[in-house]
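Residue numbers (full-length UniProt numbering): 1 to 603. Yeah, the Cβ is synthetic: ideal placement off N, Cα and C, and Gly gets one too. In this text, all values refer to a predicted model and were calculated from it rather than measured experimentally. One structure below.
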């Protein structure tokens, strides 16, 4: 028999860092009560014995009382009760855990601990522990005869601070306490579904029955050795939660199951002799760090099989989300997974696929800049081209809208083509590819200011790479309202005047001197097809020729007369309709290569 001092020291080593005093007390008291009821039930011949456990918690009195009508204390039970770490043979015979250390929690946290117990018409009551002379005086106390039925009552007091913590967590609503009961005793309750538990917390009463608890059995392999496991799955109001059980009681150790299965509101309790053998001395945990990863892997296999239908549904949903995302964002599709790799362990949304693709693309781009590899990843090539082609598609759609709506003005067309708010095209976000991709590369280029009497856009080119001191080609671009020009029949003469002005000035807008006598002048007039036709008809016969593959666009040569000198101006009259059609055809090949849907092309 142990002394009080030795027990207090042992209890301190177990519980000095614990903050959940009431839960630990109830865990020990209720598990003992369930054990007593299970043994009583098995010993009762007709099995019609209605077994109950009552739990009464009173915050005003700072008291806890747990009563059961189980087997009660026998003489042997009493002797074992006062010998710590001695297993109860009767419990072991009924396949119930017994290490003999749990009641240390009463010694550490509780006060005024009082037992009353009856076994086969023998009754005894005592305080636990007796501290007189550091001995348990009750050890030699005799049982009394009684007419009472079998059962045990435990009452005790606890510090207010511990009780307040418990009440905040479980008292309101009291259903939270029922969840706590299932959490801690699921496997004991499964073994004994006939048991009824009544809980009263400050006179709020909850009657509990557990007929919906079901258990399944599997085998797992750890280090090439098989171990049986039992799994209990119960309904829950929260997301999937997995808990480990050792010696039929909840332990603190957790394992990860990295699946996210929507609407699977369940709690899963897992028990195994593997965990029983590794339980810690205080019964609150299990030492599994050396096998944790392998255990998680095996448990994952079991649960994947259990939830295979739900996982399959999530897989199909994720694949549909992937299909839609790839279709909507083809420029990122190359960085997304293939359909077969989707496992369904979580529903992957459009946002998930986009973010993962962006991350993957970012890694590849970083690798490109950090490495000196001459080969560019084909996914990066296609992605950049996809974005460019998609941008072109939007610009073409906008131009088509302008051509059919008279509310759009010349300035709108100018803005779409050259980003008119920027005078210097070198910093403008222009769309000159509409005209020709070559216009994206220039020596110097400028938009006219709004209201300025000047050509809309002037380009200075130097096609000779080794000579960049002066431009040798000057291109003038005049834009008209996409539906009707404000000066039909006068557009060519207008452009000649602008050419003469630049010739006479002999400088670019940035002040670079131009040897105009050695420069070639080119002009573009872009207007509605009817305005272009009228302009061409007014010129001398054979001045202009129809441009191949256009409906009504022309190219030819006219002259302007600066300083009474004849200078050639190579002029293109381009209808907005042909501009749109040619740009669409130019993009068609790109669309087809990238397997994108291309805009409608009028033949």
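Item                                                                                                                              : Value
Close beta carbons around residue 167, own chain, < 6 Å, minus the five adjacent residues each side                               : 59
Inside the stretch 365–409 only - alpha helix (DSSP H) runs reaching at least 4 residues                                          : 378–403
CA-to-CA distance, residue 314 to residue 554, given in whole angstroms                                                           : 60 Å
Which listed residue (35, 422, 207 and 459) has its alpha carbon closest to that of residue 56                                    : 207
Segment contact, 8 Å Cβ cut-off, at least three pairs: the stretch 479–499 with the stretch 429–446                               : no
Whole-angstrom distance between residue 258 and residue 606, CA atom to CA atom                                                   : Residue 606 lies beyond the residue range present for the chain, which begins at 1 and ends at 603; the question has no answer from this structure.
For residue 556, the three-state DSSP class (helix, strand or coil)                                                               : strand
Those residues which DSSP pairs with residue 228 across a bridge                                                                  : 219
Three-state class that DSSP yields for residue 10 in the structure shown                                                          : helix
Where the alpha helix (DSSP H) containing residue 315 begins and where it ends                                                    : 308–328
Endpoints, the beta strand (DSSP E) within which residue 446 is located                                                           : 444–447
Under 9 Å between C-beta atoms of residue 317 and residue 354                                                                     : no
Residue 471 classed as buried or exposed, judged by whether at least 16 other C-beta atoms fall within 10 angstroms               : buried
Bridge partner(s) assigned by DSSP for residue 52                                                                                 : 196
Euclidean distance between Cα positions of residue 193 and residue 204                                                            : 24 Å
C-alpha gap between residue 152 and residue 235, whole angstroms                                                                  : 32 Å
Close Cβ partners of residue 9 (< 8 Å) along its chain, the five nearest in sequence each way excluded                            : none
Whole-Å CB distance - residue 201 paired with residue 110, under 8 Å assumed                                                      : Contact doesn't hold; Cβ gap of about 18 Å is too wide.
Euclidean distance between Cα positions of residue 582 and residue 421                                                            : 26 Å
Close-in-space but distant-in-sequence residues of the same chain around residue 245 (CB under 6 Å, 5 per side omitted)           : 187, 269 and 271
Beta-carbon contacts of residue 462 that lie in its chain and below 6 Å, excluding the five residues immediately before and after : 443, 468, 471 and 472
Expected contact under 8 Å - CB spacing of residue 524 and residue 478 to nearest Å                                               : 7 Å
In DSSP terms, what residue 153 is bridged to                                                                                     : 67 and 116
Continuous beta strand (DSSP E) stretch holding residue 635: start and end                                                        : Any property of residue 635 remains undetermined from this structure, which presents the chain solely from 1 to 603.
Nearest-angstrom Cα separation, counted from residue 386 out to residue 532                                                       : 34 Å
Selection from 52, 528 and 265 that minimises the alpha carbon distance to residue 480                                            : 528
Residue 486 in three-state terms, based on DSSP                                                                                   : coil
Extent of the continuous alpha helix (DSSP H) to which residue 106 belongs                                                        : 104–109
Spatial distance of residue 454 from residue 320 (CA atoms)                                                                       : 56 Å
Whole-number beta carbon distance between residue 68 and residue 89, since they are thought to touch under 8 Å                    : The pair is not a contact, with the Cβ atoms about 20 Å apart (cut-off 8 Å).
Neighbourhood of residue 230 by C-beta distance below 6 Å, restricted to the same chain and skipping five residues each side      : 215, 217 and 271
Neighbourhood of residue 546 by C-beta distance below 7 Å, restricted to the same chain and skipping five residues each side      : 554
Residue nearest to residue 3 in terms of C-alpha spacing, selected from 333, 44, 129 and 338                                      : 129
Residue 274 to residue 233 span [Cα, whole Å]                                                                                     : 20 Å
Span of the alpha helix (DSSP H) around residue 22                                                                                : 21–43
Which listed residue (177, 416, 290 and 390) has its alpha carbon closest to that of residue 401                                  : 416
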